[in-house]
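Protein chains in written order, with our numbering: chain A, 91 to 184; chain B, 6 to 426.
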């Protein structure tokens, strides 16, 4: 079991969460080329090692999180709220 | 290499089994080959075999970082079927099934292919309509497919749970020519047959880098020295992205996910078919091996991973699905479970295609379906490498299909790799 330290709820089993995907994707502007959109939607780095990824605490606070996790050992380095403003709030309340 | 036949079995039986030769050589790497296949799994070995057999290209090496058959070849539930409906896919998998039907003779190696029928249960009128559409498409293309009503199903498989009021079994979609094979025997059979035709199988030979020249890959750095290849094929599903980035080619429409499989202690004959159950978020498939073990599996672990080990929530999930459909398994003990790393693609279909590097060819993205595809995968990958253009069946199984909008999405699940189970 992977244990994810949710900034809102504390440390929980990963079975409470749903895996989202690559957290580093930036969607291009609406008038960007087809090539750019294809790259953003369909193509992935598929990192072997530490990557930033999104998880949804679907059976908990229902917040989206950015988790830095190794795809080889499953070790987690950091867990933050997805939304940058919420990241600031969590930081200030530490 | 001594052929397997009745005469040799009797002769060796009388001589203390002393005349058998080794199954394949353990050669030192040559400095260059006409074709180098990276990946000594079922697909890589099959490709090497068909390059030699169908195209007379015999100066071929297969590089394997571990031992052959030690990756996903040994980490699957050995199911062989061809119940696909998308253009390209159904022809491809049907050809694969036809190759399976003659594989033991072709390779002079018993792959224990058993056409015991693949029985896919349905639990609602909607599911019946949906699967009828797919199985009708199969029939129109000459693949065997039929529907069993409840009476037939009960007669064939009496010990399913027919008393589930939430998800009652209404019948099953059946492909009778589908079944199982012995995974190790397929790897060994292809290796032995390819080796006999002159292919060098280089084990413990990990690729560590590429040297480029004029845009091409000139040579491959490996743990057993530098090897040159006029043409190079990747067949390393699970680790495709790693090699792809080693060749500085950027991103791929692939994520690596792990899929678990389970095997129980051996029991007396219990199940003559492959049974598949998928409803209400559950996904479960089961068969009984020749040894008597129940072999079964379910969904992915739901998060991206390169680890070849499974996590516990899926063990529970699969056990629950097993109990829902097969309550008689309740007291059976699990012997082993393992996980393989899958190339999950953005539309659930594979790639047999050329790449931005002119002497590099790609075989990848097998999702859940790599085992059954092995013979045809080798066949059409060898065809692509030898003839420089893809066969009609795989003409859209390339990396450009996403930009063109011709995704081959059997499930219609959209661009999320983990949903294409």
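Ideal Cβ placement from N, Cα and C applies to all residues, glycine included.
Note that the structure is predicted; figures quoted are calculated from it, not measured.
Scanning chain B for C-beta atoms nearer than 8 Å to the C-beta of residue 117 of chain A yields nothing, as the closest lies near 13 Å away.
Taking the C-beta atoms as reference points, residue 323 of chain B is found no nearer than 7 Å to residue 298 of chain B.
Chain-order list of chain B residues neighbouring residue 164 of chain A: 308, 310, 312 and 316, by C-beta distance under 9 Å. Taking C-beta atoms under 8 Å as the contact rule, residue 140 of chain B and residue 152 of chain B qualify, at a distance of about 7 Å. Neighbours of residue 403 of chain B across chain A, judged by C-beta separation under 8 Å, do not exist; the nearest C-beta is about 13 Å away.
In the structure shown, residue 114 of chain B falls within a coil segment according to DSSP collapsed to helix, strand and coil. Closest by C-alpha distance to residue 393 of chain B, out of B:204, B:56 and B:415, is B:56. In this structure, the straight-line span from the alpha carbon of residue 142 of chain B to that of residue 90 of chain B is close to 6 Å. Proximity of chain A to residue 256 of chain B at the Cβ level (cut-off 8 Å) is accounted for by 129, 133, 134, 135 and 136, in chain order.
The three-state secondary structure of residue 134 of chain B, taken from DSSP, is helix.
For residue 288 of chain B, no alpha helix (DSSP H) run applies, since DSSP gives it neither H nor E.
Proximity of residue 144 of chain A to chain B, defined by a Cβ-Cβ separation below 7 Å, is not satisfied. For residue 125 of chain A, the neighbours in chain B by C-beta distance under 9 Å run, in chain order, 408.
For residue 98 of chain A, no chain B residue has a C-beta closer than 9 Å to its own C-beta; the minimum C-beta separation is roughly 20 Å. Non-local beta-carbon contacts of residue 272 of chain B in its own chain, meaning distances under 6 Å to residues more than five positions away in sequence, involve 297 in chain order. Contacts with chain A at 7 Å (Cβ-Cβ) do not include residue 361 of chain B. For residue 111 of chain A, the closest of A:98, A:121 and A:131 by C-alpha to C-alpha distance is A:131. Considering only B:341, B:332, B:331 and B:346, the residue with the shortest C-alpha distance to residue 304 of chain B is B:346.
Using a CB distance cut-off of 7 Å, residue 153 of chain A does not count as an interface residue toward chain B.
For residue 100 of chain B, the enclosing alpha helix (DSSP H) has its first and last residue at 94 to 106. By the rule that beta-carbons nearer than 7 Å mark a contact, residue 274 of chain B does not touch chain A. Residue 350 of chain B carries a strand assignment under DSSP once its states are collapsed to helix, strand and coil.
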